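Protein chains in written order, with the working numbering: chain P, 8 to 510; chain S, 8 to 510.
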């Protein structure tokens with residue numbers, strides 16, 4: 008058995024190294040690659056991914072799992088075998104001809120979208136999206152026995168999640184959010200014009216860098232570069248990078264995206280080094296990952312205690328811009344809630360309604376209740392009903408997000424809101440365990456929180472299933488209670504709303 | 008046959024893509040990788056190289072060459088089969104156990120050297136170097152029939168070269184250089200102190216960048232970054248990168264290294280795009296490659312016509328530093344000849360004597376005429392005899408260059424001087440074809456020269472053997488005549504020496 012385990016580990020390390028090499032090629036493509044490199048780079052990444060896939064689905068892996076059927080219960084070895092086998096099964100079920108077909112379609116669709124979105128041209132994208140829906144349904148059929156065709160997609164990125172479970176969570180959340188948004192809408196909106204004064208980019212970056220260093224992001228095992236869309240990527244336990252973008256007339260954009268990506272990175276940097284190179288050495292699910300980016304971005308870095316510590320530093324960095332703004336005015340401005348058209352610019356409260364609109368439309372596309380040709384109208388209707396706004400065109404409507412035009416449907420959007428829900432539940436548990444948490448944050452002491460998260464979440468990597476991890480760390484099953492409680496308490500106070508009347 | 012060719016091309020593309028991926032991982036290691044990434048990176052690069060090696064030596068390749076024995080004479084296909092087969096044979100002859108053994112030894116030796124050189128500790132390096140000599144001899148034995156154990160090493164990097172041929176060329180060159188160096192030494196040395204004023208690095212870089220753009224380096228298919236040791240690397244026809252370093256108190260260091268690496272890159276960027284991904288799509292040999300870096304660095308960018316155009320720009324970039332220096336004084340300073348201890352800092356004339364010392368010592372180590380224990384004394388004796396200088400210690404003596412401590416002996420150093428010799432021969436041919444070349448250079452018009460080089464050298468990649476390429480492009484076999492003529496004419500004029508008396 009030791010021999011089989013050793014061989015399994017060696018093979019997994021190879022898969023990991025090939026995937027990491029592909030990830031570095033992608034990172035370079037987004038950061039430094041000159042335009043002329045694009046064509047060969049696409050081919051090189053595809054090749055490395057193909058090699059990783061071949062190794063991941065090598066029948067020898069199946070033989071090894073057979074030999075390892077009797078690893079001790081509840082051991083790390085058992086977790087390793089379970090997770091490796093899950094990835095093996097997922098990869099084996101989907102024929103590589105399908106993988107190529109859908110990658111090629113996704114690439115072509117993405118290229119078309121980059122042109123069609125600015126031209127507000129949904130007609131061009133309609134056949135692409137129709138094929139995407141059809142491919143997404145075919146993907147589901149590789150996993151017979153599902154209740155809803157979104158289930159296999161969800162399970163792949165958020166193990167244990169189904170369309171039914173997501174719907175249940177989201178319905179409960181929507182019931183709480185809609186009246187909260189309405190109550191906030193009835194109040195005067197705080198001034199946030201000063202966030203859009205001129206903030207020189209290098210100073211913004213230096214400020215962001217110093218803050219995430221204080222949060223615990225380890226620059227000896229990472230770095231930050233510029234990309235059009237910020238992301239986190241990992242090449243090994245010792246190399247977890249983040250990217251950002253910055254706008255001179257928006258002091259929040261780069262900062263919160265920096266903390267968001269640093270949150271993802273704190274999770275990966277916190278995984279036990281001994282798990283590196285195995286499938287246990289990665290964040291366990293899209294939702295849990297997003298819980299950490301959102302926890303650091305919102306529950307920490309948009310909190311009043313955080314700015315007690317950080318605002319004097321921000322003001323020192325931009326003394327002219329902020330001399331007429333006190334910390335409370337600043338805190339109100341960065342937490343301004345307003346129904347808007349664009350998901351990625353949305354505040355903490357309305358953000359989830361954007362997600363729900365998309366998830367609901369996706370479910371209906373996948374199970375046939377909605378045709379792609381009717382999607383634009385359905386989008387407008389859903390936005391009107393949920394957020395009370397209507398996009399003037401498809402550019403800021405159905406063409407808004409890259410997701411539907413660069414991959415399959417059903418696996419991505421719910422993770423964002425699951426992340427918010429989980430993040431609040433983890434944070435509430437940390438707060439129970441660390442009663443002086445706010446005070447520590449107000450003094451710029453983040454090691455205690457990071458320590459709690461490392462102990463209860465990060466170090467485990469993918470050892471526990473996502474929903475088990477939530478329950479182990481927080482003492483209760485996943486629920487929207489903590490998130491709703493957090494939003495009511497925070498925004499009730501900020502907007503002077505008696506949230507007890509909203510229940 | 009078409010089928011076999013297609014399969015061969017597909018397989019070669021895979022080898023190329025794996026090698027390019029490994030090269031990108033190395034580039035990142037040198038440029039941006041955080042320290043924590045080192046351990047995994049070494050393993051990842053080794054893995055990609057192993058995969059490339061396995062494909063390069065796949066027996067199926069041998070079968071394909073069998074099927075392709077009758078490709079038409081003098082066709083591009085024949086060249087492809089010939090070069091691919093040569094690489095296959097080279098790789099097949101050397102057992103992979105030997106490759107691992109010597110890579111591991113090279114890595115350990117390099118690590119020891121980084122410590123031993125600053126400590127002037129040859130005793131520590133002696134056993135490493137003894138093993139390197141022994142491994143280099145064993146490598147040669149995989150190619151029975153050689154005349155000198157250096158021959159297989161030379162042939163691998165400079166096809167067609169042997170120890171005997173190199174000795175003949177170098178003897179002829181030495182005969183011309185030694186009296187020239189002596190004659191220059193009898194003349195007063197030009198002042199170059201102003202080269203060492205304070206030149207802010209960002210301005211240096213911007214100047215270098217604008218110059219290589221004018222030379223024709225295409226930043227849409229490349230970029231420049233910082234590394235400790237400058238280099239050029241290629242990931243595809245559309246992605247050929249260079250690196251540099253810069254010292255605030257040396258205006259020449261970054262500039263000439265930038266032009267040097269850009270010269271390598273102009274060669275690679277000029278190779279016909281249709282050869283990309285095959286072994287024909289690479290520079291043909293170490294010597295020819297170096298000929299292009301040295302041609303642009305020395306024959307162009309250290310010439311008087313070049314500075315007629317460039318000096319006003321340099322002066323505009325550093326008006327305070329250079330206000331008391333006219334273009335002739337500047338030109339004399341950057342061409343100052345002085346026997347020195349360090350190869351990489353040497354001028355155009357003495358540089359080759361440094362190379363010859365090394366090559367001669369290597370030959371004697373490899374054929375047993377010299378023992379490693381006697382190397383330090385032999386080094387000092389050779390420097391005394393050739394350059395009239397003596398290093399105060401081994402740090403600037405036998406421990407000076409990384410080459411002997413990071414790989415096998417016999418394949419590297421001669422390429423530097425072959426490059427100088429070939430570069431002058433190519434440039435002389437270009438001058439014959441383009442009589443107004445100096446005038447064009449003096450007006451910053453480099454397209455004509457680059458066009459000639461592209462037509463006669465670059466576009467062919469590895470289609471012609473190096474010595475054939477020299478003969479096709481210049482109309483005569485490789486000889487030191489043009490290089491000696493160039494040095495005599497240029498430095499005769501600069502130092503007021505009647506070089507006819509030196510013959």
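Ideal Cβ placement from N, Cα and C applies to all residues, glycine included.
On a predicted model such as this, the values are computed, not experimentally measured, just so you know.
In the three-state scheme derived from DSSP, where H, G and I count as helix and E and B as strand, residue 193/S is classed as coil.
Where residue 231/P is concerned, the enclosing beta strand (DSSP E) starts and stops at 231-233. By the Cβ-count criterion, residue 159/P is buried, with 16 or more other Cβ atoms from all chains shown falling within 10 Å of its own Cβ. Chain-order list of chain P residues neighbouring residue 39/S: 230, by C-beta distance under 7 Å.
Where residue 122/P is concerned, the enclosing alpha helix (DSSP H) starts and stops at 103-123. Where residue 150/P is concerned, there is no enclosing beta strand (DSSP E), because DSSP gives it neither an H nor an E. Per DSSP, the beta bridge partners of residue 249/P are 231/P, 239/P. Using a 10 angstroms sphere on the CB of residue 349/S, the tally of other CB atoms stays under 16, which defines it as exposed. Only those residues of the stretch 49-65 of chain P whose C-beta falls short of 8 Å from the nearest C-beta of chain S are listed: 50, 51, 54, 55, 58.
When Cβ-Cβ separations below 8 Å define contact, residue 21/P makes contact with chain S. Taking 9 Å as the cut-off between beta carbons, the residues of the stretch 24-36 of chain P near chain S are 24, 25, 27, 28, 29, 31, 32, 34, 35, in sequence order.
In the DSSP assignment, the residues bridged to residue 254/P are 257/P.
Interface with chain S (8 Å Cβ-Cβ cutoff): residue 242/P is included.
Looking at 199/P, 374/P, 279/P, 109/P, the one whose alpha-carbon comes closest to that of residue 171/P is 374/P. A Cβ of chain P is located within less than 8 Å of the beta carbon of residue 42/S. Fully contained in the stretch 300-365 of chain P is no beta strand (DSSP E) run of length 3 or more.
Exclusion of the five residues before and after residue 36/S leaves 48 as the residues of its chain whose Cβ lies within less than 6 Å of its Cβ.
Remark: C-beta atoms of residue 476/S and residue 460/S do not approach each other more closely than 8 Å. Shown here, residue 424/S sits in a helix according to DSSP, grouped into three states. Around the beta carbon of residue 391/P, a 10 Å sphere encloses fewer than 16 other beta carbons of the protein chains shown; the residue is thus reported as exposed. In the three-state reduction of the DSSP assignment, residue 205/P falls in the coil class. Classified as buried, residue 346/S has 16 or more neighbouring CB atoms from the shown chains inside 10 Å of its CB. Taking a Cβ-Cβ cut-off of 9 Å, residue 213/S has no neighbours in chain P, whose nearest Cβ is about 17 Å from it. When Cβ-Cβ separations below 8 Å define contact, residue 171/S makes no contact with chain P. Separation of residue 111/S and residue 414/S (C-alpha to C-alpha, rounded to the nearest whole angstrom) is 10 Å. Boundaries of the alpha helix (DSSP H) harbouring residue 489/S: 488-502, taken from the DSSP string. By the rule that beta-carbons nearer than 8 Å mark a contact, residue 223/S does not touch chain P.
Straight-line measurement puts the Cα of residue 240/P at about 24 Å from the Cα of residue 353/P. In the DSSP assignment, residue 57/P falls within the alpha helix (DSSP H) that extends over 45-63. Fewer than three beta-carbon pairs drawn from the stretch 444-453 of chain P and the stretch 378-387 of chain P are found closer than 8 Å, and the two stretches are therefore not classed as touching. In this structure residue 148/S is exposed. Its beta-carbon is surrounded by fewer than 16 other beta-carbon atoms within 10 angstroms. If you check the CB distance, residue 261/P and residue 320/P do not come in under 8 Å. For residue 192/P, no chain S residue has a Cβ inside 8 Å of its Cβ, as the nearest lies near 46 Å away. With contacts defined as CB atoms closer than 8 Å, residue 275/S and residue 247/S qualify as a contacting pair. Excluding residues up to 5 positions away in sequence, 164, 165, 166, 473 lie with their Cβ nearer than 7 Å to the Cβ of residue 292/P in the same chain. Spatial neighbours of residue 186/P in its own chain (CB-CB distance under 6 Å, excluding positions within 5 residues in sequence) are listed in chain order as 509.
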